[in-house]
Structures are given as structure tokens and as C-alpha cells.
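Chemist: Numbering (UniProt numbering), first residue to last: 1 to 157.
Beta carbons: idealized from backbone N, C-alpha and C, even for Gly.
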């Protein structure tokens, strides 16, 4: 039996340049939140552009696009980091720092243990969920799928 891990991607369009005073609180929260994530139970890996936590990973996707890509051992591990750690306070303030969007901006999918998704692979998954909605290949906490492709019971908030 193969061990599967949970990849997650979220993207956000910044309301101002990363070095602006508008984003100062967000930027100051990056390093502590990354430190919490990196030491969280069930954390496996996250994509890093450099050792500078303020570097915005954009490549060909736009100068204002912040990208976060990580891999976790399980849905519960990711859920606990997102909603049961100091990350939640940063998440609650996202509308101060990021433009609202009607399109999905966060998603998850299963990867085999040891796989590190590329940015291109992740953006393909984002296009998939935006075009077709949640399904076994790109899903959300609200509409979650098990590694075998069956819908999962939602986690309690």
C-alpha cells in the first residue's frame, strides 16, 4: 500500500507591493508562521523561493501573486495548522492584505509520499478546480476527497 500525503496550494493577489506599509503586519507574521508550520506535527515540506520569507513566489503568474505550496501527512495535520494554531489570526486578516476573488484560491490533492509538487503542477490543479469545481483531483476542506477518490466527511470547525 502506498502512503499518500496531502499537497495544498493557496494563492493570493496582494493589495500593495510586498514592501509597502500596507503589508507590514503580514510581512512581519511570515517568519513566525512559517516557523510554526515547519515544526507542526504532520508537516512534510513547503516550497521556498529563497531563505527570505518575504520573497513572493510569482514567476510567470504576476508580480502581485503570493503562492504557498506545502505537503502534509494528513488532512488533520493541515487542518490543525490552519485553524488551531497562530496561523488562524493571520488568516482572519487576509482581506486587509489580499484582493477578494470569486474564483477558488486554495485547494488540496493527494500525492505519493516523497513527491514534491512543482509550481506548474500546482497551478494546473488550480486551473482544474476553477474550471470543474472540487473533485478527487483538486478539492477543498469543505468538499474533501479521500486518496481513493471517495468524498470524505467534513472535519468539525
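Cβ atoms of residue 69 and residue 122: under 8 Å apart, would you say?
Modeler: Going by C-beta atoms, residue 122 is nearer than 8 Å to residue 69.
Chemist: Tell me where the alpha helix (DSSP H) around residue 75 begins and ends.
Modeler: Segment 75-83, the alpha helix (DSSP H) holding residue 75.
Chemist: Leaving out five residues before and five after residue 129 in sequence, what residues of the same chain have Cβ atoms less than 6 Å from its Cβ?
Modeler: Closer than 6 Å at the Cβ level, and outside the excluded window around residue 129, lie 104, 107 and 138.
Chemist: If I measure Cβ to Cβ from residue 134 and keep anything under 6 Å in the same chain, skipping five residues before and after, which residues do I get?
Modeler: Closer than 6 Å at Cβ, skipping near neighbours: 140 and 143.
Chemist: Would you say residue 149 touches the ligand MN, meaning its beta carbon is less than 7 Å from a heavy atom?
Modeler: Within the structure as shown, the ligand MN is missing, as the structure has no ligands at all.
Chemist: CB-CB under 7 Å to residue 16, same chain, minus the five flanking residues each way: which ones, in chain order?
Modeler: If we look at residue 16 and ignore the five residues flanking it on each side, its Cβ neighbours are 22 and 23.
Chemist: Report the partner residues of residue 151 according to the DSSP bridge assignment.
Modeler: 145.
Chemist: Please list, in chain order, all residues of the same chain as residue 151 whose beta carbon is under 8 Å from its beta carbon, the five residues on each side excluded.
Modeler: Answer for residue 151: 143, 144 and 145, listed in chain order.
Chemist: Tell me which residue opens and which closes the alpha helix (DSSP H) that residue 122 is part of.
Modeler: Its alpha helix (DSSP H) spans residues 119-132.
Chemist: Within the continuous beta strand (DSSP E) that includes residue 70, where are the two ends?
Modeler: Element bounds for residue 70: 65-72.
Chemist: Got a sec, what are the start and stop residues for the beta strand (DSSP E) residue 14 sits in?
Modeler: Segment: none, residue 14 is in no beta strand (DSSP E) and carries neither H nor E.
Chemist: DSSP three-state call for residue 112: helix, strand or coil?
Modeler: In this structure, residue 112 counts as strand in the three-state DSSP scheme.
Chemist: Measure the alpha-carbon distance for residue 71 versus residue 41 and round it to whole angstroms.
Modeler: Approximately 12 Å, taken between the alpha carbons.
Chemist: Quick test of your reading: residue 18 and residue 27, contact by CB under 8 Å. State the CB separation rounded to the nearest angstrom.
Modeler: About 7 Å; that satisfies the 8 Å criterion.
Chemist: Alpha carbon to alpha carbon, how far is residue 76 from residue 117?
Modeler: Residue 76 and residue 117: Cα-Cα distance of roughly 20 Å.
Chemist: According to DSSP, residue 106 sits in a beta bridge with which residue or residues?
Modeler: Looking at the DSSP assignment, residue 106 forms a beta bridge with 10.
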